[in-house]
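For the record, the sequence lines run as chains V and Y.
At position 122 of the first sequence (counting the first as 1) the number is 122 in our numbering, and the numbers step up by one without a gap.
At position 211 of the second sequence (counting the first as 1) the number is 528 in our numbering, and the numbers step up by one without a gap.
Where a beta carbon is used, it is the ideal one built from N, C-alpha and C, also for glycine.
Contents: one structure, followed by commentary.
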Amino acid sequence: MSPADTLDPGTPRVRPEAIRAVPVRHPGRWVSAAIVLVVAAQLAHWFFTNDGIGFSTARHYLFDHSIVMGVGVTLKLTVIAMVMGVVIGVALAVMRLSANPILSGGAWLYIWFFRGTPVYVQLLFWYSLPNVVNRISLGIPFGPSWLPQDPKELVTALVAACLGLGLNEGAYMAEIARAGILSVDQGQDEAACALGMNRLQTMRRIILPQAMKVIIPPTGNETISMLKTTSLAATITVAETLGVAQRIYGRTLEVIPLLVTASIWYLFLTSVLSVGQYYLERRYARGSLRNLPPTPRQKAIELVRNWQASRARKAAL
Amino acid sequence: MSADTAPLATAATSGRPMVEAQGVHKWFGKLEVLQGIDLEVQPREVMCLIGPSGSGKSTFLRCINHLEKVDAGRLSVDGALVGYREVGNKLHELRDREVAKARQDIGMVFQRFNLFPHMTALGNVMEAPIKVRREPKGEVRARAEQLLERVGLSDKLASYPAQLSGGQQQRVAIARALAMKPKLMLFDEPTSALDPELVGEVLEVMRDLASDGMTMIVVTHEMGFARRVADRIVFMDQGVVAEAGPPSTVLENPATARLRQFIQQVGEH
Ligand SMILES: Nc1ncnc2c1ncn2[C@@H]1O[C@H](COP(=O)(O)OP(=O)(O)OP(=O)(O)O)[C@@H](O)[C@H]1O
Ligand SMILES: [Mg+2]
């Protein structure tokens, strides 16, 4: 028992006076902060007023019709490539964990190949492929075929970009999905088996839903990264954000301003995705973290409260 | 009791044993975990498997529903070989689909419950009858609610496993196994992960099940339960059946020094 508990219950408990001490001064912090502020202000001033940068030109093109359309293509590419990546990645992960050596070996080979070559090379590859393949047909291998297609029509620049980005992403998503599947307790698999569920049912109904906890947060990161990587599609004539910007500055020679325009869009989109990612991670951390980190809103409220409290204390003195 | 868990009219009426093991062997690499198990479990019989840690109790139990593969000997459930089909005098391995089919009729309850954490109690119980047996949802739901009521959890239908105590989770796990209308139930130390005060509620459900005529094989360290509920006790030691018989004989007059020592050790806890 603490001494307080043994006190006569009639005695009111008095709150002892809080310590009032002179806080430690940090002159170094003030000096370094001042230097950073001055440099940042100079940079900003130079950036916004320099004619070479041409910020006003950049702002002028920000909502240009073709730029906005390009941003739409960027988003479309990102979504398609990520959907392909997730589907291929989960399939590869399941294959890699299969007991069949052909399946797991095939998945290993795929991942080895697509992670081992630059995505830029892959894009060029898919883009150039129709030039050397004369005819694509759908049919039984080495057997009769139907639906003959002109490969140039089938694999447009946009399709080539989707293929290049999506197939490459599949290899990265495979590793993420594999980690997710392996994170699920072995007992879950046994319980499902003991109930008579087959491999597919166990995977779909029991393992994957639980693996999502581990799979989803890094997938958010991959999406942010993909949003930027889609700019490589500009090199194979796809009219996405950077591609459109390049076309415009090819005409007007306002290279830097248009790169700034494109950068502003990329920054905006990645910022939006990062906010989504932050809440996604918070959501999936539930159950593994006891105390979740505060959201920015909670932080702001806390800050205001502390400030009010310190003012109240000062006023009371 | 309801017809839900009554043994199907197969082994029960044919006079053949529900489980029959002849010289069952199992190796893990060089380690011979099961060194020739011979035993029979009759329909409606409750058999308790006891024995020191590492003696192969779990391994034998897992062989019965083919979670582990038998390496030598014969093991059959309700007249059908586990994991193999006999054509002439040759054994053919069963396909995954056939193994899964055989497991549908064998319920298993694990030490660590292994409930599906992303499903409610009701969802856990309904999952296999709907997805595996493809029974109509309405029927399954009614039966699942009935089963959860039977294990005393009618107020926890919508709770997730994380919101339930260990004892409650294990009772859901039992209901989940019963929902498949098994003809045989396997229990692997169903109460050893539970706090002492929660052991009773699970044992009570099992006792209830036993008195309804369910064929059960129970690996347990609960000597009180074994004494009162088991028709037969099998003492396994180092991969063989060292002693077997009714509780009165095996527990009161152990024939081997090894079993005497084991009973003494377990009794101390
Ligand atoms: N998958 C495995 N791979 C290798 N060895 C294993 C495997 N499973 C079990 N064993 C070994 O087989 C032996 C018997 O294990 P088993 O789990 O059947 O014992 P048990 O009688 O159930 O013991 P306990 O009372 O501790 O549960 C042990 O020595 C164990 O280490
Ligand atoms: Mg065991």
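- For Val535(Y), the shortest separation between its Cβ and any heavy atom of ligand 2 does not lie below 7 Å.
- Distances between the C-beta of Asp505(Y) and the heavy atoms of ligand 2 include at least one below 7 Å.
- With a contact defined as Cβ atoms closer than 8 Å, Cys162(V) and Ala81(V) qualify at about 6 Å.
- DSSP lists Leu348(Y) as the bridge partner or partners of Phe345(Y).
- In this structure, Leu568(Y) sits near Met540(Y), with a CB-CB distance shorter than 8 Å.
- Taking 8 Å as the threshold, the shortest C-beta distance from Arg283(V) to chain Y does not fall below it.
- The segment 178–185 of chain V makes contact with the segment 210–226 of chain V; the number of CB pairs closer than 8 Å reaches 3 or more.
- Of the candidates His342(Y), Gly340(Y) and Gly373(Y), the residue whose Cα lies closest to the Cα of Phe552(Y) is Gly373(Y).
- As computed with DSSP, Val358(Y) is found in a beta bridge with Val336(Y).
- Secondary structure at Arg429(Y): coil, using DSSP grouped into helix, strand and coil.
- Using a CB distance cut-off of 8 Å, Ala445(Y) counts as an interface residue toward chain V.
- Within 7 Å of the C-beta of Lys500(Y) there is not a single heavy atom belonging to ligand 1.
- According to the DSSP assignment, Lys407(Y) belongs to the beta strand (DSSP E) that extends over Lys407 to Glu410.
- Straight-line spacing of the CA atoms in Asn382(Y) and Val394(Y) works out to 9 Å.
- Distances from the alpha-carbon of Glu222(V) to those of Ser310(V), Trp46(V), Lys299(V) and Ala174(V) put Ala174(V) closest.
- Proximity to ligand 1 was defined by a C-beta distance below 5 Å to any of its heavy atoms, and the residues meeting it, in sequence along the chain, are Phe345(Y), Val350(Y), Ser370(Y), Gly371(Y), Ser372(Y), Gly373(Y), Lys374(Y), Ser375(Y) and Thr376(Y).
- Here the segment 413–422 of chain Y makes no contact with the segment 360–380 of chain Y; the two share fewer than three CB pairs at distances below 8 Å.
- In this structure Gly243(V) is in contact with Gly70(V), their Cβ atoms being roughly 6 Å apart against a cut-off of 8 Å.
- Under the 8 Å Cβ criterion, the segment 271–283 of chain V does not count as touching the segment 94–105 of chain V, having fewer than three qualifying pairs.
- According to the DSSP secondary-structure assignment, Glu403(Y) is paired through a beta bridge with Leu408(Y).
- The closest CA to that of Asp388(Y), considering only Glu466(Y), Gln352(Y) and Ala475(Y), is found on Gln352(Y).
- The same chain holds no residue with a CB closer than 6 Å to that of Leu129(V) once the five nearest residues on each side in sequence are set aside.
- Considered as a whole, the segment 19–63 of chain V harbours 27–49 and 55–61 as its complete alpha helix (DSSP H) runs of no fewer than 4 residues, in chain order.
- At a C-beta separation below 7 Å, Asn198(V) has these neighbours in chain Y: Asp413, Arg414 and Ala417.
- Cβ contact annotation for Thr229(V) (same chain, cutoff 7 Å, sequence separation greater than five): Val119 and Leu165, in chain order.
- Excluding the 5 residues flanking it on each side, Leu520(Y) has same chain C-beta neighbours closer than 6 Å at Phe542, in chain order.
- By alpha-carbon distance to Gly116(V), the top candidate from Arg199(V), Glu169(V), Ala91(V) and Leu259(V) is Glu169(V).
- Following the DSSP letters along the chain, one finds Asp189(V) inside the alpha helix (DSSP H) bounded by residues Gln186 to Ala194.
- Note on geometry: alpha-carbon atoms of Ile491(Y) and Gly584(Y) lie some 27 Å from one another.
- Using a Cβ-Cβ cut-off of 7 Å, Met425(Y) is close to Ala194 of chain V, given in chain order.
- No Cβ of chain Y is located within less than 8 Å of the beta carbon of Gln122(V).
- Closer than 8 Å to the CB of Asn570(Y) there is not a single CB belonging to chain V.
- Nearest in C-alpha terms to Ser565(Y), of all of Ala559(Y), Asp554(Y), Ala547(Y) and Gln555(Y), is Ala547(Y).
- Listed in chain order, the non-local C-beta contacts of Val358(Y) below 7 Å within the same chain comprise Pro334, Met335, Val336, Met364, Thr532 and Ile534, local neighbours out to five positions each way being set aside.
- A straight-line Cα-Cα distance of about 38 Å links Trp108(V) and Val341(Y).
- Measuring C-alpha to C-alpha distances from Pro499(Y) to each of Arg412(Y), Ala445(Y), Ala338(Y) and Glu462(Y) identifies Ala445(Y) as the nearest.
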